[in-house]
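For reference, the structure discussed in these notes is given below.
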Amino acid sequence: MDILAHGLWATAGAIGLRRKTQIATSLGWAAFWGAFPDLFSFIIPATVRIWWLLTGTTRSLLPDPHGPQHFQFVWQLYHSSHSLVVFGLAFGLVWLFARRPVYSMLGWALHIAVDIFTHRGIFATHFLWPFSSYGWDGSPWEDVRFLAVNYIVLAAIYLLILRSARSARKQRTSA
12 MDILAHGLWA TAGAIGLRRK TQIATSLGWA AFWGAFPDLF SFIIPATVRI
62 WWLLTGTTRS LLPDPHGPQH FQFVWQLYHS SHSLVVFGLA FGLVWLFARR
112 PVYSMLGWAL HIAVDIFTHR GIFATHFLWP FSSYGWDGSP WEDVRFLAVN
162 YIVLAAIYLL ILRSARSARK QRTSA
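Mapping of the sequence shown onto the numbering used here: residues 12 to 186, in sequence order.
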């Protein structure tokens, strides 16, 4: 799934968690953690490619399949940031040090769960990495129909959230 949608889904999940459980969850951090696996994987190579373009080292932002393989390390970043094993360890360590679960980090787990079913081929999510390189060959998230349905559902969810918030506000002011 695209990075914006990951952030929006994680934020919607955090809003739902807040409303159903009264657990204080930062929406900004939820959005960050929802996007984190892709940010962690792709910020470094994207920054380098942009630098190369600006300095004239390359003429395109697209990777050159005939050029040197500068970014092989990115696969390790990708697999580690898209692993439920790594997420579980990170979540547990943060819980240990913060002395409470940091629920906004669940956006990271949601990102992985969605990617398991929406990635395929070389981008199949190795969600049990480093113990297994198994990856489900899911449906492509970049398919126009999937993108349309995804954003329509997100828009509907956010409209419901907005409507619910307005209704709750009206009840508080009339009481």
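C-beta atoms are modelled at their ideal positions from N, C-alpha and C, and glycine is treated no differently.
Quick caveat: nothing in here was measured; it's all calculated off a predicted structure.
Residue interval of the alpha helix (DSSP H) (run including residue i)
i, result
"Y169", "155-185"
"S91", "84-92"
"S52", "38-66"
"R70", "Counting along the chain, R70 falls outside any alpha helix (DSSP H), and DSSP gives it neither H nor E."
"L34", "Reading off the sequence, residue 34 comes out as Ile, not Leu. From DSSP, I34 is part of no alpha helix (DSSP H); its letter is neither H nor E."
"H122", "117-129"
"V96", "95-109"
Top-ranked residue by Cα proximity to residue i, from the options
i, options, result
"T129", "S52, P141, R156", "R156"
"L88", "F134, I26, I61, G18", "F134"
"Q83", "S52, A42, M12, V164", "S52"
"A124", "W147, N161, F43", "W147"
"P141", "D49, L100, S175", "L100"
"T11", "R177, Y162, L171, H93", "Because the chain is modelled from 12 through 186, residue 11 falls outside the range shown and cannot be assessed."
"A42", "I54, R70, I61, W119", "W119"
"L50", "N161, R177, T32, G18", "G18"
"A25", "D126, A159, T68, G45", "G45"
"V85", "V59, Q182, A16", "V59"
"I172", "T32, V105, S144, G27", "G27"
"I34", "T69, V113, L104", "V113"
"Y169", "F108, A23, R110", "A23"
"I127", "R183, R29, P48, R30", "P48"
Assumed close pair residue i, residue j - CB separation to whole angstroms, cut-off 8 angstroms
i, j, result
"W20", "L121", "6 angstroms"
Sequence-distant residues of its chain with Cβ nearer than 6 angstroms to residue i (five each side left out)
i, result
"F102", "M116"
"S37", "S115"
"L95", "I123, F138"
Own chain residues within Cβ distance below 7 angstroms of residue i, not counting five before or after
i, result
"S91", "V97, W140"
"R131", "D148, G149, P151"
"Y145", "H137, L139"
"F108", "none"
Own chain partners of residue i with C-beta closer than 8 angstroms, once the 5 adjacent residues on each side are dropped
i, result
"R70", "L64"
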